[in-house]
Amino acid sequence: MWFIVLILLIFILGLIILVHEFGHFITAKKAGVHIYEFSIGMGPLIKTHVGKDGISYNIRALPIGGFVSMAGEVYEDDDTKKIKKEDFMCNKKWWQRVVILAAGVFNNFVLAILILFVMALIWGANSLEPKVGTVLEDSAAEKGGLEQGDLILSINGHSVSTWDQTQIVLYLKNDSNIYQFEVLRDGKTVTLELEPDVTETETGEEQKSFGFGIEQTEEHGLWASIKYAFQRFWSLISTMWITVINLFTGQISLSSLSGPVGIYHVVGESLAMGVQQIVYLIAFLSINVGLINILPIPAFDGGRILFLIIEKIKGSPINAKFENMCHMIFFFLIILLMIYITVFDIIRFT
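Numbering-wise (this note's numbering), the sequence shown opens with residue 115 and increments by one.
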């Protein structure tokens, strides 16, 4: 079973990375940038093929990333004599460089929307609004007065409009363990206080239970599927953005994030739940990869775009050595963060 999960994990990550890197690749090629290598995976080379276009198409051993190696990504390199100056990325128009850098994220988002659309066509478009369905007997929800049909408007002052947002807000740190709900009931706003049941996991983390679920309704048809795809995409984007912001404010701890081990565990759970959950996971992870990459942090696509914006504002290129140093430092910090997260993953799942 573990082998099937591993193969599925490699396939999912490989697909998402392929789609992302193809965005960079095709836009760079269309812009006339000289490309050395298009690689899926990192680390040792497993298979290589040099195309008629002179580009080396490679598969590498570690399915944790990928890259497109282009001439002059930051500055003119040692191949200036072999390659025309106009074929260097750094010599392309400003807007072309921005498009090349943003294309990977764009592709990830398009992939996610298409998957969500197909899911809705096949299985139906589920309701996204945070309307209470089942309320378990003797649960925190029942004791706090939550009723079936209540539409949740806010939790502890955080406005919510979808079930995805509701779930992440409930996950945020709360000093008092009392959660204030504002719900719409029979056209009136009602304020409730819920105190969740708290249990401790094997790793010593607190797990809170409220004892209520979402009202399950679904629509079918082309228009319903299109609407669902974009609404669910926006719901997931906003939820992930809430997560990112609260990571910086300390409302969500770094140890709660998932690395390769955690994703492997999620893939295993999704496999047990069926095809629909696996397909949804691909969309979810594709949005994750896209959003993380567009963050204005050096080493990510968003960080490189940030340097281009600064270049545009100051009217001259940023020192190439300084920019490269920033990317290298942050890449090293990201590797350390991944190691930290992986250690917690191992503790959590063993």
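No residue lacks a Cβ here, since even glycine has one placed at the ideal position from N, Cα and C.
Less than 7 Å between the CB of residue i and some heavy atom of the ligand GTP, yes or no?
i: D252; result: The ligand GTP is absent from the structure shown, which contains no ligands of any kind.
Would you please state the rounded distance, in angstroms, between the beta carbons of residue i and residue j? I believe it to be under 8 Å.
i: D278; j: T353; result: 4 Å
i: I408; j: V219; result: 5 Å
i: N222; j: H134; result: 5 Å
i: F295; j: L306; result: 4 Å
i: L508; j: G155; result: Residue numbering for the chain in the displayed model covers 115 to 464; residue 508 lies beyond these limits and cannot be assessed.
Can the beta-carbon of residue i be found less than 8 Å from the beta-carbon of residue j?
i: S372; j: V381; result: no
i: I149; j: S183; result: yes
i: G327; j: G247; result: yes
i: I460; j: V375; result: yes
i: I173; j: V393; result: no
i: N291; j: E314; result: no
i: F398; j: L350; result: yes
i: L336; j: L298; result: no
i: E332; j: N240; result: yes
i: G180; j: I124; result: no
Give the range of the beta strand (DSSP E) segment to which residue i is assigned.
i: F295; result: 293-299
i: H334; result: Looking at the DSSP string, H334 is not in any beta strand (DSSP E), and its letter there is neither H nor E.
i: L265; result: 265-269
i: F326; result: 326-328
i: Q321; result: 320-323
i: V274; result: It is not in any beta strand (DSSP E) - V274 carries neither H nor E in the DSSP assignment.
Cα separation between residue i and residue j?
i: K198; j: G165; result: 20 Å
i: L235; j: I340; result: 9 Å
i: R346; j: Q391; result: 15 Å
i: L450; j: L127; result: 21 Å
i: G186; j: I377; result: 35 Å
i: G259; j: K245; result: 14 Å
i: S367; j: I169; result: 43 Å
i: K428; j: H163; result: 42 Å
i: I443; j: I401; result: 25 Å
i: W116; j: F436; result: 44 Å
Can you name the start and end residues of the alpha helix (DSSP H) that residue i belongs to?
i: E425; result: 415-428
Margin query: Quick check on the DSSP output: what are the complete alpha helix (DSSP H) runs of length 4 or more inside the stretch 203-257, in order along the chain?
Written below: 208-237, 254-257
Notebook entry, point to check: What residue ranges within the stretch 378-410 form continuous alpha helix (DSSP H) runs of no fewer than 4 residues, ordered along the chain?
Noted result: 389-408
Check: Quick one: complete beta strand (DSSP E) runs, 3+ long, within the stretch 121-161?
Finding: none
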